[in-house]
Amino acid sequence: MENIVPIPQDFQLKETTQGIVIHYRWYKPQMVFPMIIFAVFWFSFLYFWFTKVDEIIFQAFGVIFLVVGFGLIWYIVCLFFNKTDIAVTSQDFISKHAPIPFPTYKNVHFKRSDIEQVYIKEEFTYNKHKNKTLNGYSLNVISPKGVSSKVLSYDKEEYEKAIFLKRKVEKYMNIEPQPVEGEYLQ
165 MENIVPIPQD
175 FQLKETTQGI
185 VIHYRWYKPQ
195 MVFPMIIFAV
205 FWFSFLYFWF
215 TKVDEIIFQA
225 FGVIFLVVGF
235 GLIWYIVCLF
245 FNKTDIAVTS
255 QDFISKHAPI
265 PFPTYKNVHF
275 KRSDIEQVYI
285 KEEFTYNKHK
295 NKTLNGYSLN
305 VISPKGVSSK
315 VLSYDKEEYE
325 KAIFLKRKVE
335 KYMNIEPQPV
345 EGEYLQ
C-alpha cells in the first residue's frame with residue numbers, strides 16, 4: 165500500500181498510466197532577492213577595489229573575487245530562468261535541468277535495470293570542530309551492484325519534495341521499499 169504524500173506546492177504534475185512528469189521552477193523569491201542585494205554589495209566592493217588599488221598584485225588577487233561574483237550572477241540568472249523536469253515510467257527515470265547549465269545540477273537518466281533501491285539521505289556540512297549542520301536532503305539510487313548515486317538535492321526545508329519523488333519512483337518503477345544503510349527516515 166502506498167503511503168500518501170501530498171503534492172509539493174510548486175510541483176506541476178502530469179500523471180498517466182505509463183508514468184508521471186513533474187515540472188518545477190527554481191525561482192524562489194525568498195532566495196533570489198537577498199542574493200541580488202548581496203550581489204550589488206559584492207560588485208560595489210569590487211568596483212571600489214579595482215578603482216582604488218594601484219598595485220597589480222592586489223588587483224590580481226581581486227580577480228578571484230570577480231570570478232566568484234560572476235558565478236553568483238550566473239546562479240541568480242539560473243534561479244530566474246531554470247526549471248527541472250522529472251519523468252518516471254516503469255522503465256526510465258529522467259531528470260533534466262534547463263535551459264541554463266549549472267555545474268552542480270546534472271541531468272540524469274537511469275534505466276529500471278540500473279536501480280535496485282531508492283532512498284533519501286541527509287546532507288551535512290562539517291565545521292573545523294567536526295560539528296555537523298544539516299544542509300538538506302538528497303534523493304539517491306542504489307544499483308544492483310550496490311553503487312549509490314545522488315540524483316537530486318533539496319534544501320533542508322524541502323524534505324517533502326524528496327519523499328514525494330521517492331514514493332513516485334517506487335510506485336512507477338515497481339520498487340519494493342527496503343531499508344538502506346544511511347537512509348533518512350522521518
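Position one of the sequence shown corresponds to residue 165 (this note's numbering), numbered consecutively onward.
Ideal placement from N, C-alpha and C gives every residue a C-beta, glycine not left out.
Q | Residue burial classification, histidine 293 (beta-carbon count within 10 angstroms, cutoff 16) | A | exposed
Q) Using DSSP with H/G/I as helix, E/B as strand and the rest coil, what is phenylalanine 202? A) helix
(Q) For lysine 332, which residues in the same chain have their Cβ closer than 8 Å to its Cβ, ignoring the five residues on either side in sequence? (A) Ile184, Ile186, Val252
Q: Leaving aside the five residues before and after valine 344 along the sequence, list all residues of the same chain whose C-beta is less than 7 Å from its C-beta, in chain order.
A: Gln281, Tyr283, Ile306
Q: Please classify phenylalanine 261: is it buried, with 16 or more other beta-carbons within 10 angstroms of its beta-carbon, or exposed?
A: The displayed chain sequence assigns histidine, not phenylalanine, to residue 261. Histidine 261 should be labelled buried.
**Q.** Top-ranked residue by Cα proximity to tyrosine 318, from Pro308, Gly310, Leu329, Ile228
**A.** Leu329
(Q) Are the CB atoms of leucine 316 and serine 259 within a distance shorter than 8 Å? (A) yes
Q. Among all the DSSP beta bridges, which residues are the ones paired with aspartate 218?
A. None, per the DSSP bridge assignment.
Q) My guess is that asparagine 304 and lysine 275 are in contact by the Cβ rule of under 8 Å, so how many angstroms apart are they, rounded? A) Incorrect: roughly 16 Å between the Cβ atoms, too far for contact.
Q: Might you give, ordered along the chain, the residues of its own chain that have their beta carbon closer than 8 Å to the beta carbon of isoleucine 171, omitting 5 neighbours on each side?
A: Leu177, Phe328
Q: Please state if the CB of leucine 236 and the CB of tryptophan 213 are separated by a distance shorter than 8 Å.
A: no
(Q) Whether or not the region 261-272 and the region 320-327 are in contact is what I'm after, with contact meaning three or more pairs of Cβ atoms, one per stretch, closer than 8 Å; do they touch? (A) no
Q | Alpha-carbon to alpha-carbon, threonine 181 and proline 341 | A | 21 Å
(Q) Need the endpoints of the alpha helix (DSSP H) that tyrosine 336 sits in, please. (A) 323-336
**Q.** Of the residues Ile220, Ile221, Met199, Val169, the one placed nearest cysteine 242, counting alpha carbons only
**A.** Met199
Q. What does a CB cutoff of less than 6 Å around tyrosine 426 pick up in its chain, not counting 5 residues either side in sequence?
A. Outside the modelled stretch of the chain, which goes from 165 to 350, sits residue 426, for which no answer is possible.
**Q.** Secondary structure of leucine 236, DSSP reduced to three states
**A.** helix
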